[in-house]
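7 is the number of the first residue of the sequence shown in our numbering; add one for each residue after it.
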Amino acid sequence: MNQIKTGLAAFVRRRPETWIAVGYFAFYLASFFLLERITEPRFIIHSALDDLIPFCEWGIIPYASWYLLLVGGPVFFLLKDKGDYLRLCFIMFVGMTICLALYVVLPTGLDLRQPIPRDNLLCKAVELLRSIDTPTNVCPSIHVSSTVAVGIVTVRSRLFDRHAWFKILMVIECLAVCWSTLALQQHSVWDVAAGAALSFALMPIAWKLWPQTK
Numbered sequence: 007m008n009q010i011k012t013g014l015a016a017f018v019r020r021r022p023e024t025w026i027a028v029g030y031f032a033f034y035l036a037s038f039f040l041l042e043r044i045t046e047p048r049f050i051i052h053s054a055l056d057d058l059i060p061f062c063e064w065g066i067i068p069y070a071s072w073y074l075l076l077v078g079g080p081v082f083f084l085l086k087d088k089g090d091y092l093r094l095c096f097i098m099f100v101g102m103t104i105c106l107a108l109y110v111v112l113p114t115g116l117d118l119r120q121p122i123p124r125d126n127l128l129c130k131a132v133e134l135l136r137s138i139d140t141p142t143n144v145c146p147s148i149h150v151s152s153t154v155a156v157g158i159v160t161v162r163s164r165l166f167d168r169h170a171w172f173k174i175l176m177v178i179e180c181l182a183v184c185w186s187t188l189a190l191q192q193h194s195v196w197d198v199a200a201g202a203a204l205s206f207a208l209m210p211i212a213w214k215l216w217p218q219t220k
């Protein structure tokens, strides 16, 4: 245990930018659960397109993979490329902060959720998700904005210039996560569009602050 602590301390000394992600995730988790308790939706988000998207419990698989992206993305780029890491932190964390601020100023909610139509393991996982993640604070979607942030940095990273297949897989993964938020009735089309637009709007600023070397 002491060796692990010593190793982690040495790692952080070599890469002090580690604290950006560690500190922000602590702030985000505290803010998210606080807002879940104190905010009441004043604006219900709905699109006619939402009514055309059928519930699909298989969406829980890509939906859950978001947690891997959320942690794995920053960790990977922290280890491999400081510039990509800082760009990702900017797009992801500034985007998440804007979302949290909007949830306070414009509390949003959903009325999309219907009774889960089947009884199987995946549906039980969806029930658990719904019990934890209430249909409040939905627009823009943090699930989508942070997913798109990882996708943007991965596709633009020089680390994968010779691995186009990985960039394609990442695009597919991002699309699957975005679809899953709709298929599980966790978000409206408007939430997804706003979350994606937010990350794309922050993208040029990130590359302006930390230009990519040729």
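No residue lacks a Cβ here, since even glycine has one placed at the ideal position from N, Cα and C. Every value quoted in this text rests on a predicted model; they were computed, and no experiment measured them.
{"Item": "Closest by C-alpha distance to residue 219, when choosing among 31, 88 and 76", "Value": "88"}
{"Item": "Euclidean distance between Cα positions of residue 62 and residue 25", "Value": "38 Å"}
{"Item": "Under the three-state DSSP convention, the category residue 50 falls into", "Value": "strand"}
{"Item": "Integer-rounded CB distance, given that residue 113 should sit under 8 Å from residue 48", "Value": "5 Å"}
{"Item": "As assigned by DSSP and simplified to three states, the class of residue 160", "Value": "helix"}
{"Item": "Nearest-angstrom Cα separation, counted from residue 183 out to residue 23", "Value": "28 Å"}
{"Item": "DSSP three-state assignment for residue 140, whether helix, strand or coil", "Value": "coil"}
{"Item": "C-beta atoms of residue 55 and residue 154 nearer than 8 Å", "Value": "no"}
{"Item": "Sufficient close CB pairs (3 or more, under 8 Å) joining the segment 91 to 101 to the segment 124 to 137", "Value": "no"}
{"Item": "Reduced DSSP category for residue 24 - H, G, I as helix; E, B as strand; rest coil", "Value": "helix"}
{"Item": "DSSP three-state assignment for residue 103, whether helix, strand or coil", "Value": "helix"}
{"Item": "Simplified DSSP assignment, three categories, for residue 45", "Value": "coil"}
{"Item": "Three-state secondary structure assigned by DSSP to residue 219", "Value": "coil"}
{"Item": "Cβ contact (3+ pairs, closer than 8 Å) linking the segment 161 to 173 and the segment 104 to 118", "Value": "no"}
{"Item": "Counted within 10 angstroms of its Cβ, other Cβ atoms place residue 171 as buried (16 or more) or exposed", "Value": "exposed"}
{"Item": "Segment contact flag, the segment 131 to 141 with the segment 62 to 82, C-beta cutoff 8 Å, min 3 pairs", "Value": "yes"}
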